[in-house]
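In this text, residue positions in the sequence shown follow the UniProt record's numbering: the first is 2, and each later residue adds one.
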Amino acid sequence: TRKIIIDTDPGQDDALAILLAFSSPELDVLGITAVAGNVPLALTELNARKICELAGRPDAKVFAGADRPLLRPLITAEHVHGKTGLDGPDLPVPTMPLQTQHAVDFIIETLRREEPGSVTICALGPLTNVAQILIRAPELAPRIREIVLMGGGFFEGGNITPTAEFNIHVDPHAAQIVLQSGVPVTILPLDVTHKALSTAKRVDRFRNMGTRAGDACVELLEFFERFDEEKYGSDGGPLHDPNVIAYLLKPELYGGRTCNVTVEAANELTLGMTVVDWWGVTDRPKNAYYIRDVDDEGFFDLLIERIGRIS
Ligand code: BDR
Ligand code: CA
2 TRKIIIDTDP GQDDALAILL AFSSPELDVL GITAVAGNVP LALTELNARK ICELAGRPDA
62 KVFAGADRPL LRPLITAEHV HGKTGLDGPD LPVPTMPLQT QHAVDFIIET LRREEPGSVT
122 ICALGPLTNV AQILIRAPEL APRIREIVLM GGGFFEGGNI TPTAEFNIHV DPHAAQIVLQ
182 SGVPVTILPL DVTHKALSTA KRVDRFRNMG TRAGDACVEL LEFFERFDEE KYGSDGGPLH
242 DPNVIAYLLK PELYGGRTCN VTVEAANELT LGMTVVDWWG VTDRPKNAYY IRDVDDEGFF
302 DLLIERIGRI S
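Right, here's the structure in full:
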């Protein structure tokens with residue numbers, strides 16, 4: 002099994018990513034660390050615990066991390082995710098506890114304890130927690146197997162400004178630190194997640210599961226896709242974050258290129274833009290595997306087969 006830590010700001014799409022991870026025996030979820038993003042930290046950590054219980058994993062460890070970006074004020078996305086961040090289903094107030102340790106301390110301790118090169122960090126929100134690890138304990142960078150993150154977009158444009166994707170825009174300085182860390186980074190940007198849409202047919206496949214988790218996914222997706230459908234007339238909503246987990250499970254579903262990715266953090270107009278040197282026109286080092294293609298049918302088959310295992 003592959004050891005992972007999920008750093009997240011749930012988020013309906015984060016929720017499906019967490020369900021996918023828990024229902025996949027290839028992955029060992031060492032902990033879930035919450036970060037401020039789609040909604041403030043008090044809600045993202047609460048939502049993370051709700052999802053663990055929905056997955057039948059009240060034994061999982063959830064930690065709270067950064068409540069704001071490194072340098073900038075927090076920007077949230079209630080316009081997409083609703084007031085709670087997890088609007089849609091009426092999930093019970095969780096009874097499992099929030100761990101008392103800070104998320105960043107937990108990750109640092111875990112990286113020190115586990116075998117070097119064995120822990121993968123899956124980042125589904127702004128990169129504040131992940132950057133804080135690299136700032137506080139830079140010597141741990143070589144011990145991280147890989148950072149697989151949802152964020153950025155280049156060919157597709159942005160979703161929070163014309164040029165920036167939300168996770169990177171919220172904490173561009175954290176993203177710069179991650180990309181300059183020397184840790185292997187894999188990026189699932191909007192260029193790929195906008196190809197994984199929750200069409201009505203796919204939502205029906207969740208409905209047909211006839212399980213509590215399946216029904217909750219229907220309600221999550223039906224709320225989440227409203228934003229994109231109303232704004233862009235798209236056929237369903239983009240399932241951003243589950244692509245990170247699906248990539249770990251079935252990398253053969255994805256196609257990309259190793260190249261230089263640099264984040265703009267100086268200019269207000271393009272703040273948080275991921276500048277991708279796809280064609281290698283600079284001498285800047287190749288610091289990320291940047292994904293552009295997905296077998297979207299294969300992705301949904303995997304998502305549905307796995308989440309269907311949750312009773
Ligand atoms: C990203 O931002 C959040 O709204 C989603 O959960 C996803 O992580 C997409 O831009
Ligand atoms: Ca997210």
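Each residue gets a CB set at the ideal place from its N, CA and C atoms; glycine is no exception.
Remember, predicted model here, so these are calculated numbers, not experimental data.
Asked: T121 vs V149 beta-carbon contact at 8 Å; Found: yes
Asked: Runs of beta strand (DSSP E) lying entirely within the stretch 99-187, each at least 3 residues, in chain order; Found: 120-124, 145-151
Asked: Backbone secondary structure at T275 - three-state DSSP; Found: strand
Asked: Beta-bridge pairing of P239 - partner residues as DSSP gives them; Found: L198
Asked: Contact set for I305: own chain, Cβ-Cβ below 6 Å, skip 5 residues either direction; Found: R206
Asked: Reduced DSSP secondary structure (H/G/I, E/B, other) of D68; Found: coil
Asked: Proximity winner among A56, T187, I33, relative to G309 (alpha-carbon distances); Found: A56
Asked: Spatial distance of F64 from I7 (CA atoms); Found: 10 Å
Asked: A214: first and last residue of the uninterrupted beta strand (DSSP E) it sits in; Found: Careful: A214 lies outside any beta strand (DSSP E), inside the alpha helix (DSSP H) at 213-233.
Asked: DSSP beta-bridge partners of G257; Found: I292
Asked: Between the CA atoms of A197 and I134 - distance to the nearest angstrom; Found: 31 Å
Asked: Beta-carbon proximity list for E27, same chain, < 7 Å, skipping 5 on both sides; Found: T2, R3, L250
Asked: Top-ranked residue by Cα proximity to D236, from L75, G159, L222; Found: L222
Asked: Residues near A247 in its chain [Cβ-Cβ closer than 6 Å; skip 5 each side]; Found: F300, L303
Asked: Bridge partner(s) assigned by DSSP for R58; Found: None, per the DSSP bridge assignment.
Asked: Chain B contact for V219 (CB, 8 Å cutoff); Found: Here chain B cannot be found, since the structure has a single protein chain.
Asked: Cα-Cα separation, M97 to L270; Found: 43 Å
Asked: Three-state secondary structure (DSSP) of R50; Found: helix
Asked: Residue closest to G158, alpha-carbon to alpha-carbon, out of L240, T194, A138; Found: T194
Asked: As assigned by DSSP and simplified to three states, the class of A92; Found: The question names Ala, but residue 92 in the sequence shown is Leu. In this structure, L92 counts as coil in the three-state DSSP scheme.
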